[in-house]
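These notes concern the structure reproduced below.
Residue numbers (the numbering used here), protein chains in the order written: chain D, 6 to 414; chain G, 27 to 351.
Structure below.
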């Protein structure tokens, strides 16, 4: 039996209800992202100005931040399938991250305690992402998955957009950037995250199937996922696509150097990308449902190739910045959620969270490696040749992905 | 469904109210203070510090060199970092909203003579012995999208000519005598000699941190030795107080030491705690530095520069020390 035929017809839910669960998950993500981006926005200022941590310590803390999630995703995904409680695992993840905000207040100036709290926060994120995406795939009919993910991602980035503004508002209300003001940001962030958890508990429906027969969800069954050709192809494609991405930091740094943008505007580059992402996520998701997910994903990587070429090319000036950022946001909008929409139906329902976490982890690890390699290439070859290689790699990724996923519906 | 909506509304209201009350209480605690006394940066037997006391947090204050724990003159000026020499002050402070900063060059009466927008979080501030050159270091974050990786940027301004070097990364760098180029170059912690163009600083690249000597006129920088951070040149320009990562690993903390430039000899100072600050020389014999106390406070400590003695508190509830006299 082909895996893609499993789990197709078990849940006939009406469209209205489906939309409700996706919207509920989207609202939880929106609220949670306000909370987490509030902290992300002020954390560097807090650590350095208020606690006097040096960049080296910050680097260590930041390393924990990014490194802690990858493997936990796999564990969380497997666990959610095993107990067949995706909502519960996601909820635990959201709750851990919420409590971590209070942990920041309690940690005080201890670098070790701050590192532990940030690791806990990332643990929460690692736990919740795959079950949440699995719930989305289980809550929408297959022909609307692209739209469902598009709406979810748009709501998610709307929260990310509002977070820093809320943080600035709190800081402005409390006054000078004393530790008190930062504590107020963390406490507010906790309250908002708690609202997210509350909404999850009240309005998100779990998608519980009868407890799977013994052996359906086991390490062996999870490993057997890789024996399925469509899953393996998706995983390889996710890794290939991850490898073709050089890292946001580099893209923004290149733009900034090319255009000699005042470094004050630097954070705005990410805002520009986010804005394009926010606007395009839902329409591109709908487009993917209509004309096929693979073409949209491939077009997304096409946009990435253009961005790389623009960054290495002779055109310059503000139009370059605007076009690059719009295309970069379009790249994210066309790939991030759509890839999950592509993956959902291929994975058996009983192992869907495990499968999604596998694909997300594969992509994340590949992305990490390619960013490191690009940093090296930049140093050894200089910007021009490195960008040419990056663009070439992205073209190659498009070809390989097309070859791999042509048959995956 | 109805009950769930009611529970949700009640929960949201309670949580938002809790946040509002906390913010309100924090705002009430944080009322600003009025200035008490006149602060002058003119040379004299005084110490300039940034206050961390609850009543005057962030304000620039001076205390008597002979009675540093005694009464303080509190100015209305607030800074995140401050330093002064020969009647010129350098104040790194917030500029409007919380994400932008500026440096302000102050005259001896604390009037701002020049303001330059800064990108990044203020970290180090220094003024040359003549008061003519000022240098600063900021931490620059990457983008929030990516988790943000820190780098530092150090700049120098000639307050007489207005000549500005916004980033030392633009200078011609040599590492162990050979021309060196890298994208991961970071500079911080500048300190000046008396000639108004030579300076020392920290340079980091490829995971190593070096003491470098630079020339502001020639725009050149060359490495001298490894694992020396945040140098601070003694008044007679013969020694450098610095912090070095214990076992070359910043995670283990920093040790305060003094390097004799002629002999290359390093003397660890009697301070055994981790010091993450750019030390300031009080005179030829002693240095001062800040040690944080909890999350809210910091004290300025002093220790002899020859490795003898014991550290003692010089100015309680203060940081960013500078000897004016």
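Even for Gly, the Cβ is constructed at its ideal location relative to N, Cα and C.
Subject >> Alpha-carbon spacing of residue 89 of chain G relative to residue 349 of chain G, whole angstroms >> reply: Using only the alpha carbons, I get a separation of about 10 angstroms.
**OP:** With residue 215 of chain G as the anchor, note down where its alpha helix (DSSP H) starts and where it stops.
**Re:** Judged by DSSP secondary structure, residue 215 of chain G falls outside any alpha helix (DSSP H) and instead within the beta strand (DSSP E) spanning 212–218.
Subject >> Local Cβ density within 10 Å of residue 134 of chain D, reported as buried at 16 or more and exposed below that >> reply: Its Cβ being crowded by 16 or more others within 10 Å, residue 134 of chain D is buried.
Original post:
What are the partner residues of residue 315 of chain G, as DSSP defines its beta bridges?
Top reply: In the DSSP assignment, residue 315 of chain G is bridged to G/327.
Subject >> Short CB-CB distance (under 8 angstroms) between residue 48 of chain G and chain D >> reply: At least one chain D Cβ lies under 8 angstroms of residue 48 of chain G.
Original post:
From this set, D/412, D/401, D/356, D/366, which residue's C-alpha is nearest residue 140 of chain D's C-alpha?
Top reply: Ranking D/412, D/401, D/356, D/366 by CA distance to the CA of residue 140 of chain D puts D/356 first.
Original post:
Using a beta-carbon distance below 8 angstroms, is residue 42 of chain G in contact with chain D?
Top reply: Closer than 8 angstroms: yes.
Subject >> Straight-line gap, residue 307 of chain D to residue 115 of chain G (C-alpha atoms, nearest Å) >> reply: Between the alpha carbons of residue 307 of chain D and residue 115 of chain G lies a distance of about 53 angstroms.
Original post:
Per DSSP, what kind of secondary structure is residue 232 of chain D in: helix, strand or coil?
Top reply: For residue 232 of chain D, the three-state secondary structure derived from DSSP is coil.
Subject >> Other residues of its chain near residue 155 of chain G: CB distance less than 6 angstroms, five sequence neighbours each side excluded >> reply: For residue 155 of chain G, where only same-chain residues beyond five positions count, the Cβ hits under 6 angstroms are 111, 220.
**OP:** Could you tell me whether the segment 360–372 of chain D touches the segment 91–111 of chain D, where touching means 3 or more Cβ pairs closer than 8 angstroms?
**Re:** A contact between stretches requires three or more CB pairs, one per stretch, nearer than 8 angstroms, and the segment 360–372 of chain D fails this requirement with the segment 91–111 of chain D.
Subject >> Rounded straight-line distance, which links the Cα of residue 330 of chain G to that of residue 261 of chain G >> reply: Whole-angstrom Cα-Cα distance: 14 angstroms.
Subject >> Where residue 184 of chain G falls: helix, strand or coil (DSSP) >> reply: Residue 184 of chain G: strand per DSSP, three-state reduction.
**OP:** Compare the C-beta of residue 56 of chain G against all C-beta atoms of chain B and say whether one is closer than 8 angstroms.
**Re:** Annotation note: the requested chain B is absent from the structure, which comprises protein chains D and G.
Subject >> Own chain, CB closer than 7 angstroms to residue 169 of chain G, minus 5 neighbours either side, in chain order >> reply: For residue 169 of chain G, the predicted structure reports a pLDDT of 36, less than 50, and the residue's modelled location is therefore unreliable. The matter cannot be settled from this model.
Original post:
What whole-angstrom Cβ distance do residue 158 of chain D and residue 305 of chain D have, given they're in contact under 8 angstroms?
Top reply: The Cβ separation is near 13 angstroms, so there is no contact.
Subject >> Span of the alpha helix (DSSP H) around residue 196 of chain D >> reply: In the DSSP assignment, residue 196 of chain D falls within the alpha helix (DSSP H) that extends over 184–208.
Original post:
Could one say the Cβ of residue 379 of chain D lies closer than 8 angstroms to chain G's Cβ atoms, at least one of them?
Top reply: Chain G contact via Cβ: absent.
Original post:
Counting only beta-carbon atoms, is residue 30 of chain G nearer than 8 angstroms to chain D?
Top reply: Chain D, which has a Cβ nearer than 8 angstroms to the Cβ of residue 30 of chain G, makes this yes.
Original post:
Closest to residue 377 of chain G by CA distance: which of G/203, G/133, G/214 is it?
Top reply: Nothing about residue 377 of chain G can be read from this structure; chain G reaches only from 27 to 351.
Subject >> Separation of residue 335 of chain D from residue 35 of chain D, as counted between CA atoms >> reply: If you draw a straight line from the Cα of residue 35 of chain D to the Cα of residue 335 of chain D, it is about 20 angstroms long.
Subject >> CB contact flag (residue 39 of chain D, residue 168 of chain D, <8 angstroms) >> reply: Cβ atoms of residue 39 of chain D and residue 168 of chain D: closer than 8 angstroms.
Original post:
Taking Cβ positions, are residue 237 of chain G and residue 209 of chain G nearer each other than 8 angstroms?
Top reply: No; because the gap between Cβ atoms is not below 8 angstroms, this pair is not in contact.
Original post:
Tell me, which residues are paired with residue 143 of chain G by DSSP?
Top reply: According to DSSP, residue 143 of chain G shares a beta bridge with G/128.
**OP:** Check whether the Cβ atoms of residue 129 of chain G and residue 136 of chain G sit closer than 8 angstroms, and answer yes or no.
**Re:** Result no, Cβ atoms of residue 129 of chain G and residue 136 of chain G do not sit closer than 8 angstroms.
Original post:
Quick one: what's got a C-beta closer than 7 angstroms to residue 56 of chain D's C-beta in the same chain, skipping five residues either side?
Top reply: The beta carbon of residue 56 of chain D sits closer than 7 angstroms to those of 114, all from its chain and outside the five residues before and after it, given in chain order.
Subject >> Contact set between the segment 300–330 of chain G and chain D, restricted to residues whose Cβ is under 7 angstroms from the partner >> reply: Within the segment 300–330 of chain G, 302, 318, 320, 321, 322 place their CB atoms closer than 7 angstroms to a CB of chain D, listed in sequence order.
**OP:** Express the C-alpha separation of residue 194 of chain G and residue 174 of chain G in angstroms, rounding to a whole number.
**Re:** Here residue 174 of chain G scores only 41 on pLDDT, less than 50, and its place in the model should not be relied on; the value that follows carries that caveat. Cα atoms of residue 174 of chain G and residue 194 of chain G: separation of roughly 22 angstroms, rounded to the nearest angstrom.
**OP:** Could you check how far apart the C-beta atoms of residue 190 of chain D and residue 172 of chain D are, in whole angstroms? I think they sit under 8 angstroms.
**Re:** The pair is a contact, with the Cβ atoms about 5 angstroms apart (cut-off 8 angstroms).
Original post:
Using Cβ-Cβ distances below 7 angstroms, what residues of the segment 365–391 of chain D are close to chain G?
Top reply: Cβ contacts with chain G come from 383, 384.
Original post:
Can a CB atom of chain D be found closer than 8 angstroms to the CB of residue 165 of chain G?
Top reply: By this cut-off, residue 165 of chain G is an interface position.
**OP:** Measure from the alpha carbon of residue 316 of chain D to the alpha carbon of each residue in D/164, D/398, D/257, then state which is nearest.
**Re:** Comparing Cα-Cα distances from residue 316 of chain D to each of D/164, D/398, D/257, the minimum goes to D/257.
**OP:** Note down, in chain order, all residues in the segment 137–162 of chain G with a beta-carbon under 9 angstroms from any beta-carbon belonging to chain D.
**Re:** Residues passing the 9 angstroms Cβ filter: 143, 144, 145, 146, 147, 148, 149.
Original post:
Counting pairs of beta carbons, one from the segment 78–92 of chain D and one from the segment 107–121 of chain D, are three or more of them closer than 8 angstroms?
Top reply: Judged by Cβ distances under 8 angstroms, the segment 78–92 of chain D makes no contact with the segment 107–121 of chain D, as fewer than three pairs qualify.
Original post:
Taking Cβ-Cβ distances below 7 angstroms as the criterion, which residues of the segment 181–201 of chain D are in contact with chain G?
Top reply: Contacts with chain G (Cβ-Cβ distance below 7 angstroms) from the segment 181–201 of chain D involve 181, 182, 183, 184, 185, 186, 188, 189, 192, 193, 196, 199, 200, listed in chain order.
**OP:** Anything in chain D within Cβ reach of residue 11 of chain G, meaning under 9 angstroms, just list it in chain order.
**Re:** Since the first residue shown for chain G is 27 and the last is 351, residue 11 of chain G is missing from the structure and cannot be characterised.
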